[in-house]
Ligand code: CA
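In our numbering, the protein residues as written are 472 to 752.
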């Protein structure tokens, strides 16, 4: 058995307005429990006009950071509480301010703790894992084109250029409640995780993402991914968070168990010795 020490994770995040847009409506952040044993990384892609989009993604990231840090319970429970809080905060804010009416945001959050990792998502921002050169998408997009693709109406290539490619079917903050996908994620040494907005994954092909994500150090990987999106025209805001699992972040529990077993054996021996002395006297 191994235990993940989240304090040892390496992370690098970056956001960029892109080559076309006037404002950046993406946001990202990270936080953790006070002792650092549980950490969360989050990316949000706001929508609903200039002010609304920026506000929605920022509020969602802040809510995830705050609630994950203070929530109790297992990793998945904390993650779900954090994303539910993000939904509530964005929704309540737009009820109070007519200028923000109609705003919403995607949200993808990756949580790490001693028991491993979980991912939560709403919308079409994504989480990926790169392992042994293979890039695997960990989240399912809640978007019109992803649904059409799942039903076999269009191919992945067609989805990339489809006129409705920006329409999401679920978002944070547009309804009082939201259905959040919360999924366990297996973690191995040297895994690389990527959270990104569609300004990256809707623009740069998976093969190119995989190559750039493998760059070391991870700050270079994050910069190279943003640069690639802009090189491909940068039609949208682009945000990436890269998390690396160094080998020493996975700690073998066998050692601790065996040292506990030694203690138990020592106590038992002492007990036997005491009993023998008592019987003998
Ligand atoms: Ca976007």
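Here a beta-carbon is modelled for each residue, glycine too, at the ideal position from N, C-alpha and C.
*Report the residue ranges of all beta strand (DSSP E) runs contained in full by the region 506 to 530; include only those spanning at least 3 residues, in chain order.*
Listed in chain order, they are 510 to 518.
*Counted within 10 angstroms of its Cβ, other Cβ atoms place residue 693 as buried (16 or more) or exposed*: Counting from 1 along the chain shown, the entry for residue 693 is found at position 222. Counting Cβ neighbours within 10 Å, residue 693 comes out buried, since at least 16 surround it.
_Contacts around residue 561, its chain only, beta-carbon distance under 7 angstroms, and the 5 residues preceding and following it disregarded_ = In the chain shown, residue 561 corresponds to position 90, counting from 1. So the qualifying residues of the chain are 527, 530, 531, 574, 575, 576, 643, 644.
*Starting from the C-beta of residue 592, find all residues in its chain whose C-beta is less than 6 angstroms away, skip the five residues before and the five after it, and write them out in chain order.*
Translated into the one-based positions of the chain shown, residue 592 becomes position 121. Excluding positions up to five away in sequence, the list reads 579, 610, 652.
*With a cut-off of 8 angstroms on the beta carbons, I'd call residue 588 and residue 582 a contact; round off their distance for me.*
Along the chain shown, one-based indexing puts residue 588 at 117. Along the chain shown, one-based indexing puts residue 582 at 111. With 8 angstroms as the limit, residue 588 and residue 582 qualify as a contact, their Cβ atoms being about 7 angstroms apart.
*Is residue 757 helix, strand or coil when you go by DSSP?*
This structure gives no information on residue 757, because the portion of the chain shown stretches from 472 to 752.
*May I ask which residues mark the beginning and end of the beta strand (DSSP E) holding residue 652?*
Translated into positions along the chain shown, residue 652 becomes position 181. Looking at the DSSP string, the run of the beta strand (DSSP E) that includes residue 652 is 652 to 656.
*asked:* Pull the bridge partners of residue 501 from the DSSP assignment, please.
replied: Position 30 of the chain shown, counting from 1, holds the residue named residue 501. DSSP lists 512 as partners of residue 501.
*Which of helix, strand or coil DSSP assigns to residue 624*: Taking the chain shown and counting its residues from 1, the one referred to as residue 624 is at position 153. If DSSP states are grouped into helix, strand and coil, residue 624 belongs with coil.
*Per DSSP, residue 558 forms a beta bridge with which residues?*
Here residue 558 refers to the residue found at position 87 of the chain shown. Per DSSP, residue 558 has no beta bridge partner at all.
*Give the DSSP-derived three-state secondary structure of residue 609 in the structure shown.*
Residue 609 sits at position 138 when you count from the first residue of the chain shown. Collapsing the DSSP output to three states places residue 609 in coil.
*DSSP beta-bridge partners for residue 481?*
Within the chain shown, residue 481 is the residue found at index 10, counting from 1. Note: residue 481 is bridge-paired with 715 in the DSSP secondary-structure output.
*asked:* Looking at ligand 1, does it come within less than 7 angstroms of residue 708, judged from the CB to the closest heavy atom?
replied: For the purposes of this step, residue 708 is identified with residue 237 of the chain shown, where counting begins at 1. Within 7 angstroms of the C-beta of residue 708 there is at least one heavy atom belonging to ligand 1.
*asked:* I need the boundaries of the beta strand (DSSP E) containing residue 722, first residue and last residue.
replied: Working through the chain shown from its first residue, we reach residue 722 at position 251. Its beta strand (DSSP E) spans residues 721 to 723.
*Please list, in chain order, all residues of the same chain as residue 620 whose beta carbon is under 6 angstroms from its beta carbon, the five residues on each side excluded.*
One-based indexing of the chain shown puts residue 620 at position 149. Answer for residue 620: 630, listed in chain order.
*Kindly indicate which three-state DSSP category residue 666 falls into: helix, strand or coil?*
In the chain shown, residue 666 corresponds to position 195, counting from 1. DSSP places residue 666 within a strand segment (E or B) once states are collapsed to three.
_Counterpart residues of residue 614 in DSSP-defined beta bridges_ = By one-based count along the chain shown, residue 614 stands at place 143. Answer is 639.
*Regarding residue 668 and ligand 1, is the C-beta to nearest heavy atom distance less than 7 angstroms?*
Along the chain shown, read from residue 1 onward, the residue named residue 668 stands at position 197. With a cutoff of 7 angstroms, residue 668 counts as near ligand 1, since its C-beta is closer than that to a heavy atom of the ligand.
*Classification of residue 584 by the beta-carbon crowding that lies within 10 angstroms, buried from 16 upward*: Locating residue 584 in the chain shown gives position 113, where the first residue counts as 1. Under this definition residue 584 is a buried residue.
*asked:* Given the structure, does residue 612 come close to ligand 1, in the sense that its CB is under 7 angstroms from one of the ligand's heavy atoms?
replied: Taking the first residue of the chain shown as position 1, residue 612 is located at position 141. Answer for residue 612: no, Cβ out of range of ligand 1.
_Can you give me the C-alpha to C-alpha distance between residue 514 and residue 495, rounded to a whole angstrom?_
In the chain shown, residue 514 corresponds to position 43, counting from 1. In the chain shown, residue 495 corresponds to position 24, counting from 1. Distance between residue 514 and residue 495, taken at the CA atoms: about 13 angstroms.
_Expected contact under 8 angstroms - CB spacing of residue 511 and residue 525 to nearest Å_ = By one-based count along the chain shown, residue 511 stands at place 40. By one-based count along the chain shown, residue 525 stands at place 54. About 21 angstroms separates the beta carbons of residue 511 and residue 525, which is beyond the 8 angstroms limit, so they are not a contact pair.
_Taking 6 angstroms as the limit between beta carbons, can you name the residues of its chain near residue 476, skipping five residues before and five after?_
If you number the chain shown from 1, residue 476 lands on position 5. Closer than 6 angstroms at Cβ, skipping near neighbours: 720, 722.
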